[in-house]
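S.K.: This structure is in structure tokens; I'll ask about it shortly.
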Amino acid sequence: MESTITNKTKIFLEMIRFEHTIFALPFAFIGALLVQKKIPAGSDILWITLAMVGARTAAMSLNRIIDRHIDAQNPRTANRALPKGLLKVGEVWVYVILSFALLLLSAYQLSPLAFKLFPIAVMALSFYSYTKRFTWTCHLFLGLTLGLAPLGAWIAIAGSFHPAPILLGIGVLFWVAGFDIIYACDDYSFDTKYKIHSIPARFGIARALKISALFHILAPVFFIAVAVVMHMGLFYLVGLAVAVTLLFYQHKLVAPEDLSKAGVAFFNLNGTLSILMFCFTLLDIIYTIHVF
74 MESTITNKTK
84 IFLEMIRFEH
94 TIFALPFAFI
104 GALLVQKKIP
114 AGSDILWITL
124 AMVGARTAAM
134 SLNRIIDRHI
144 DAQNPRTANR
154 ALPKGLLKVG
164 EVWVYVILSF
174 ALLLLSAYQL
184 SPLAFKLFPI
194 AVMALSFYSY
204 TKRFTWTCHL
214 FLGLTLGLAP
224 LGAWIAIAGS
234 FHPAPILLGI
244 GVLFWVAGFD
254 IIYACDDYSF
264 DTKYKIHSIP
274 ARFGIARALK
284 ISALFHILAP
294 VFFIAVAVVM
304 HMGLFYLVGL
314 AVAVTLLFYQ
324 HKLVAPEDLS
334 KAGVAFFNLN
344 GTLSILMFCF
354 TLLDIIYTIH
364 VF
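Following my numbering, the numbering of the sequence shown begins with 74 at its first residue and continues without gaps.
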């Protein structure tokens with residue numbers, strides 16, 4: 074019995090690509106750091122982390138349930154757990170409910186406003202998976218769900234809204250939408266055949282990569298706006314410069330006639346980008362604390 078549960082859990086974590094939590098979590102921590110420009114209390118860090126794990130796990134579990142019939146027809150995704158029957162739909166629903174419960178508990182522990190906004194978070198996390206069925210702007214909806222991370226972390230600590238996390242969230246929106254477009258290019262043939270909506274399917278791969286590049290120009294603009302609003306220092310700007318370099322390199326790896334390195338651009342570079350942005354922001358905050 075224990076080995077069966079362990080095996081099912083392993084399959085589930087592989088199915089939702091749990092390691093991809095790394096995309097949004099560092100930006101949630103950045104949002105938390107910016108509230109008072111100091112390292113938050115340990116309890117806040119713990120509950121923000123648990124909230125992010127709950128939100129991301131619930132969203133990905135729902136995505137796998139909602140898309141299971143599409144995934145079964147797509148050669149790239151046909152080996153996922155639900156199409157192959159490695160997990161049952163009811164079993165994945167258990168993870169969805171538990172994950173949303175973790176998010177609700179975390180929100181309750183953090184701030185009254187975070188707790189009140191829980192239904193909105195659930196709607197945002199649930200809606201994205203349906204967007205590919207009717208709009209090629211689905212990449213922006215994905216970006217929006219991850220862009221809520223820094224705003225949610227700010228609200229969790231401050232209990233109020235502020236322009237800085239909103240600007241940061243918009244930057245994350247364009248960053249995520251940009252790399253999701255690159256990733257979606259791999260499904261161009263399938264999406265056009267089965268009428269799945271995406272920017273590559275709507276505009277073609279060449280134009281989609283240009284739109285992705287545009288989004289990755291817009292993202293740093295909003296990250297710079299955060300620096301202006303919050304009076305960030307040199308370390309933050311250095312981190313931003315590194316992030317821009319990684320975005321530029323990402324687009325050097327892919328071309329309409331060669332998408333073989335799209336996976337590297339999707340996971341390795343973007344995971345590195347989010348971590349480095351957090352590290353340099355943390356350095357900036359620590360330096361400010363010691364100087365002032």
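Every residue gets a Cβ at the ideal spot worked out from N, C-alpha and C, and that includes glycine.
Bear in mind that the values here come from a model prediction, so they are computed numbers and not experimental data.
Could you give the C-beta distance for F200 and F188, rounded to a whole number, given that I count them as a contact under 8 Å?
M.R.: In fact, because the Cβ distance is near 21 Å, the residues do not count as touching under 8 Å.
S.K.: Decide if the segment 103-116 is in contact with the segment 254-271; the criterion is three or more beta carbon pairs, one per stretch, under 8 Å apart.
M.R.: No, the segment 103-116 is not in contact with the segment 254-271.
S.K.: Between D264, S179, L241, which has its C-alpha nearest F207's C-alpha?
M.R.: The shortest Cα separation from F207 among D264, S179, L241 belongs to D264.
S.K.: Contact between the segment 94-114 and the segment 140-156: three or more CB pairs below 8 Å?
M.R.: No, they do not touch.
S.K.: Can you give me the Cβ contacts of G344 inside the same chain, cut-off strictly under 6 Å, excluding the 5 residues immediately before and after it?
M.R.: Cβ neighbours of G344 beyond the five flanking positions: I95.
S.K.: Beta carbon of A209, beta carbon of A274: below 8 Å?
M.R.: First, the amino acid is wrong: residue 209 is Trp here, not Ala. Yes, they are a contact pair.
S.K.: Could you check where the alpha helix (DSSP H) with A222 kicks off and where it finishes?
M.R.: Its alpha helix (DSSP H) spans residues 211-231.
S.K.: Between I193 and R153, what straight-line distance do the alpha-carbon atoms span, to the nearest angstrom?
M.R.: In a straight line, the C-alpha of I193 is about 29 Å away from that of R153.
S.K.: Note down, in chain order, each residue of its chain lying with its Cβ closer than 7 Å to the Cβ of S202, except the 5 sequence neighbours on either side.
M.R.: Excluding residues within five positions, the ones whose Cβ falls inside 7 Å are L135, N136, I139, D140.
S.K.: Using C-beta distances below 6 Å, list every residue in its chain close to P236, excluding the 5 sequence neighbours before and after it, in chain order.
M.R.: Answer for P236: V302, listed in chain order.
S.K.: Alpha carbons only, please: which of F191, H304, L186, S184 is nearest the one belonging to S172?
M.R.: For the residues F191, H304, L186, S184, the minimum Cα distance to S172 belongs to F191.
S.K.: Put D253 into one of helix, strand or coil per three-state DSSP.
M.R.: Of the three classes helix, strand and coil, the one that applies to D253 here is helix, per DSSP.
S.K.: Quick one: what does DSSP say A316 is sitting in, helix, strand or coil?
M.R.: Looking at A316 - three-state DSSP - the assignment turns out to be helix.
S.K.: Please classify D357: does DSSP put it in a helix, a strand, or coil?
M.R.: D357: helix per DSSP, three-state reduction.
S.K.: Look at the alpha carbon of I121 and the alpha carbon of A101, and state the distance between them as a whole number of angstroms.
M.R.: So the alpha carbons of these two residues sit roughly 8 Å apart.
S.K.: Strictly by DSSP, which residues pair up with A328?
M.R.: In DSSP, A328 forms a bridge with D331.
S.K.: Measuring straight from C-alpha to C-alpha, what distance separates A335 and G244?
M.R.: Rounded to whole angstroms, A335 to G244 spans 21 Å at the Cα level.
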